[in-house]
Structures are given as C-alpha cells and as structure tokens.
Amino acid sequence: MKTIILLFSAVLLATSAVFSAALAQSDPVILTIDGAIEGGVARDFTRSELEAIGSGQTVTGTPWHDGSPVFEGVPMDMLLAHVGAEGTEADVLALNNYRTTIPLSDFSAYPVLLALKQDGEYLTVRNKGPLFIIYPFDEFGELQTDLYHARSAWQVRSITIK
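Under mature numbering (1 follows the signal peptide of the UniProt record, and there is no 0), read the sequence shown as residues -24 to -1, 1 to 138, first letter to last.
Here it is as structure tokens:
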C-alpha cells in the first residue's frame, strides 16, 4: 500500500511540475519595472497581468507603419500609478538593447500607450512587440519630431523609474 501511495504521489508531483511549467510558458514575463517604485522591488508582468491593469486605444500613423494602425494597450499613466512610480523619468530598455529616457511628465501630458496589440493582433518580436511605447502622433502635431519618435521604443523589455 505504501508503494502505491508513493508511486501515486510521485506521478502527481511530476504532473504538477509539468503543468506549472506549461502554464508559465503560456503567459511568460514580458516586462520588468524597477527603480523608484512602491516597495523598491522589481515587478514582473505577464501579458495578462498588463491587460488587467487597464486598456486604451489610439489610432495613429508612425514613421514605421503604413497608414494609421489601431494600437491597443495599457495607458502608461495607469501602469505607472499601478507600480507607484515616484521618479521623474523612465529609462526604457528594448530587447535589442535600444535604450531611451522618457520624462514621466509625457505620460500625464499625452495618452501614451504601452501597446500590446496592433490592428487587433498581439504584437510579436517580428512586428515590434511584444510591447511598443506609442505616442498619439496624429492627435498632437507637436509629437511629430525626432525627439518623440526616439522615445517611442519597440520591443520593450524593461522600464527603470529614476
């Protein structure tokens, strides 16, 4: 009887580990926010966790797209409030090691998105995802400059609040 219980326990444990690994891979961490945030400890986010924070949408042309795609994602001001950001700037790092610094004031002055979708489809690394900081270029003419284009980072991996 002990052998059967031990065998059953081992199978249950192995199944649980495989299921946990599969679940973790189906919704991996795609963003880390650290620095001057509430608690001072880095926060990791999966796509579903980001979507649960809130959503916004902007339709805008960019220098990198034809036409005016529809972008959907988390408004940056909501994301920063969610983590309790207390700095003055965001140091954004992309998967390709591109780095840009954005004043946090941009996120209260403009409805900037951390886009997860373009035209209803989730962004992939191949099409500038999984996360893309999008300014509403068409809505605010003053944003159509090299300065704001440089702040509109794609393939975002981490944000450090300073």
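The beta-carbon is built from N, C-alpha and C at its ideal position, and this holds for glycine as well.
Which stretch, first to last residue, makes up the alpha helix (DSSP H) that contains A85? Sequence index remark: in the sequence shown, residue 85 carries index 109 (1-based). Bounds of the alpha helix (DSSP H) holding A85 are S81 to A85.
If I measure Cβ to Cβ from E48 and keep anything under 6 Å in the same chain, skipping five residues before and after, which residues do I get? Walking along the sequence shown from the start, residue 48 turns up at place 72. The answer, listed in chain order, is Q33 and K93.
If you draw a straight line from the alpha carbon of E25 to that of R19, how long is it in whole angstroms? Taking the sequence shown and counting its residues from 1, one reaches residue 25 at position 49. Taking the sequence shown and counting its residues from 1, one reaches residue 19 at position 43. The C-alpha of R19 is placed about 11 Å away from the C-alpha of E25.
For the pair the segment 64 to 77 and the segment 35 to 47, tell me if three or more CB-CB distances fall below 8 Å. Segments in contact, no.
Coarse secondary structure for I109, derived from DSSP in three states: Within the sequence shown, numbered from 1, the residue matching residue 109 stands at position 133. Looking at I109 - three-state DSSP - the assignment turns out to be strand.
In the segment 14 to 98, which residue ranges form an unbroken beta strand (DSSP E) of at least 3 residues, counting only runs that do not cross its ends? With a minimum length of 3 residues, the continuous beta strand (DSSP E) runs that stay inside the segment 14 to 98 are 19 to 22, 32 to 35, 46 to 51, 65 to 70, 75 to 79 and 89 to 94.
With DSSP as the reference, identify every bridge partner of I135, one or two as the case may be. For the purposes of this step, residue 135 is identified with residue 159 of the sequence shown, where counting begins at 1. For I135, which the question treats as bridged, DSSP gives the partners I9 and V68.
Along the chain, where does the alpha helix (DSSP H) that runs through D122 open and close? Within the sequence shown, the letter at position 146 stands for residue 122. Bounds of the alpha helix (DSSP H) holding D122 are D122 to R127.
What's the call for P79, buried or exposed, on a 16-neighbour Cβ count within 10 Å? Mapped onto the sequence shown, residue 79 falls at position 103. Around the CB of P79, fewer than 16 other CB atoms lie within 10 Å, so the residue is classed as exposed.
Is L7 closer than 8 Å to V101 when the C-beta atoms are compared? Along the sequence shown, one-based indexing puts residue 101 at 125. Along the sequence shown, one-based indexing puts residue 7 at 31. It is not a contact, given that the beta carbons lie outside the stated cut-off.
So, I9 versus I110, is the Cβ gap smaller than 8 Å? As a position in the sequence shown, residue 9 is number 33, starting the count at 1. As a position in the sequence shown, residue 110 is number 134, starting the count at 1. Not a contact, by the Cβ cut-off of 8 Å.
Judging by CA-CA distance, which residue of P87, D3 and E115 is the nearest neighbour of S31? For the purposes of this step, residue 31 is identified with residue 55 of the sequence shown, where counting begins at 1. Comparing Cα-Cα distances from S31 to each of P87, D3 and E115, the minimum goes to P87.
Report the rounded CA-to-CA distance for D82 versus E65, giving the unit in angstroms. As a first step, residue 82 must be located in the sequence shown, where it is residue number 106. As a first step, residue 65 must be located in the sequence shown, where it is residue number 89. Roughly 9 Å separates the two Cα atoms.
Using 8 Å as the threshold, is the C-beta distance between T76 and A12 below it? Along the sequence shown, read from residue 1 onward, the residue named residue 76 stands at position 100. Along the sequence shown, read from residue 1 onward, the residue named residue 12 stands at position 36. No.
Work out the CA separation of I135 and L55 for me, nearest whole Å. Sequence index remark: in the sequence shown, residue 55 carries index 79 (1-based). Sequence index remark: in the sequence shown, residue 135 carries index 159 (1-based). If I take the Cα positions, the gap works out to 11 Å.
Round the Cβ separation of D95 and P45 to the nearest angstrom and send it over; I've been treating them as touching at under 8 Å. As a working mapping, residue 95 is identified with position 119 in the sequence shown. As a working mapping, residue 45 is identified with position 69 in the sequence shown. A Cβ-Cβ distance of about 5 Å is found for the pair D95 and P45, placing them in contact under the 8 Å criterion.
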